[in-house]
Amino acid sequence: MRKHITGFSNPTVKYLRSLRDKKHRRRAGQFLVEGLRLLEDARASGHVPRTLVMAEGREPHDLLARLEAEVLARGGEVIATSPDILSKITGKDNAQSVAGVFDEWDTALARLDRSAAPIWLAAQALRDPGNLGTMLRTCDAVGAGGLILIDDCADPFSAEAVRASMGAVFTVGLAQARWEEFLGWLRGGEGQLVAASLRDAVPYRAAPYAAPCFILVGNESQGLPEAYEAACDLRVTMPMRGRADSLNAAVAGAVLAYEVLASLAP
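Here the sequence shown is numbered in numbering that gives the first Met the number 0, starting from 0 and rising by one per residue.
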């Protein structure tokens, strides 16, 4: 179905704007993605928006025409509106010419197949959506099975996290759980839990990693709780040559992921 919207007070505009807020995203089970590149990444991985919003007067583009046709073929909605209204929807003064609304998907642990990949990333109480998106991007880069978000983390479906993931939110596994649920699930099968730590740790280079390896990083400012570190099978330390006493959480996860990847390579 095609629709043309000209008014800022239109109920559809108000609904689309509301998806910038986590509370409304959870209630609706939908999230907003801006930009043709992200929308094309989503389409290529099998995710097509329910609603496509396009600014009038935009330059024609073959990818956008293909996406529009696929949305309509699947019974979705295509909305044409002014660039100003699209900026109002996205909350950006320099909004791109297209945005899409996607259904959120099930992020239960039970959906994950731990045997699908030798490496997994897990993050506990990660609060920065940019770090979360970066970890999703790292998962894609190293061929990890996915990212498991433990306890109260940033929303993986926020615009900031999706943008930072560079489309990886659509291509890698994603799960959310409390610590007790995660630990019970992990111990119900094979899996080595590894964390960067200073407690009884060994150098991260040439540590005895084993697949499937779950790399656990903690909160940006507080790190992992002591009890969580104690539950790990392996604790590793990375040398800090300068004045900083730690790496950014997402960077630490990436460094460890590549070290594990090299260690597990045949």
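Cβ coordinates follow ideal geometry from the N, Cα and C atoms, glycine included. Since the structure is predicted, the reported quantities are computational estimates derived from the model, not experimental observations.
At the level of alpha carbons, what is the spacing between residue i and residue j?
i: histidine 3; j: threonine 80; result: 6 Å
i: glycine 287; j: isoleucine 88; result: Only positions 0 to 265 of the chain appear in the structure, and residue 287 is not among them; the question remains open.
i: arginine 234; j: tryptophan 178; result: 18 Å
i: arginine 26; j: valine 77; result: 22 Å
i: arginine 49; j: histidine 60; result: 20 Å
i: glycine 252; j: valine 216; result: 6 Å
i: alanine 261; j: valine 47; result: 35 Å
i: glutamate 225; j: alanine 107; result: 26 Å
i: glycine 190; j: valine 259; result: 13 Å
i: valine 97; j: alanine 72; result: 18 Å
i: glutamate 58; j: alanine 64; result: 11 Å
i: aspartate 20; j: glycine 28; result: 12 Å
i: valine 254; j: aspartate 150; result: 23 Å
i: proline 202; j: proline 238; result: 8 Å
i: glutamine 175; j: alanine 158; result: 18 Å
i: leucine 62; j: methionine 53; result: 13 Å
i: valine 250; j: serine 8; result: 43 Å
Once you ignore the five residues that flank residue i on each side, which residues in its own chain have a CB closer than 8 Å to its CB?
i: glutamate 219; result: Leu125, Arg126, Asp127, Asn130, Asn247, Ala248
Which residues does DSSP pair with residue i in a beta bridge?
i: glycine 90; result: Partner(s): none; glycine 90 has no beta bridge.
i: asparagine 218; result: Gly222
i: aspartate 102; result: Gln29
i: histidine 3; result: Ala79
i: valine 52; result: Ile78, Ala98
i: threonine 137; result: None; threonine 137 has no bridge partner.
i: leucine 66; result: Per DSSP, none; premise fails for leucine 66.
i: cysteine 212; result: Ile118, Gln191
i: proline 202; result: Thr236
In chain order, what residues of the same chain have a beta carbon less than 7 Å from the beta carbon of residue i, not counting five sequence neighbours either side?
i: valine 171; result: Leu135, Cys138, Asp139, Ala143, Gly145, Leu146
i: valine 12; result: Ile4, Ile84, Lys87, Ile88
i: leucine 153; result: Leucine is not the amino acid found at residue 153; the sequence shown has alanine there. Around alanine 153: Leu125, Arg126, Asp127, Pro128, Leu131, Ala160.
i: alanine 256; result: Ile118, Leu120, Thr137, Val141, Ala143, Ile214
i: phenylalanine 169; result: Asp40, Ala41, Ser44, His46
i: leucine 173; result: Thr106, Gly145, Leu146, Pro155
i: aspartate 102; result: Gly28, Gln29, Arg49
i: leucine 197; result: Thr236
Apart from the five residues on each side of it in sequence, which residues of its chain come closer than 6 Å, Cβ to Cβ, to residue i?
i: serine 17; result: His23
i: tryptophan 184; result: Leu108
i: glutamate 33; result: Thr89, Gln95, Ala98
Report task. Indicate whether the contact test is met: 3 or more Cβ pairs, each with one atom in the region 36-45 and one in the region 154-168, closer than 8 Å. Result -> yes
Requested in this report: Inspect the CB distances between the region 206-224 and the region 112-124 and report whether three or more fall short of 8 Å.
Outcome: yes
Query - Meets three-Cβ-pair contact criterion under 8 Å: the region 102-114 and the region 225-233 - result: no
Report task. Please list the segments of the beta strand (DSSP E) lying wholly inside the region 141-183, counting only runs of 3 or more residues, in order along the chain. Result -> 145-149, 172-176
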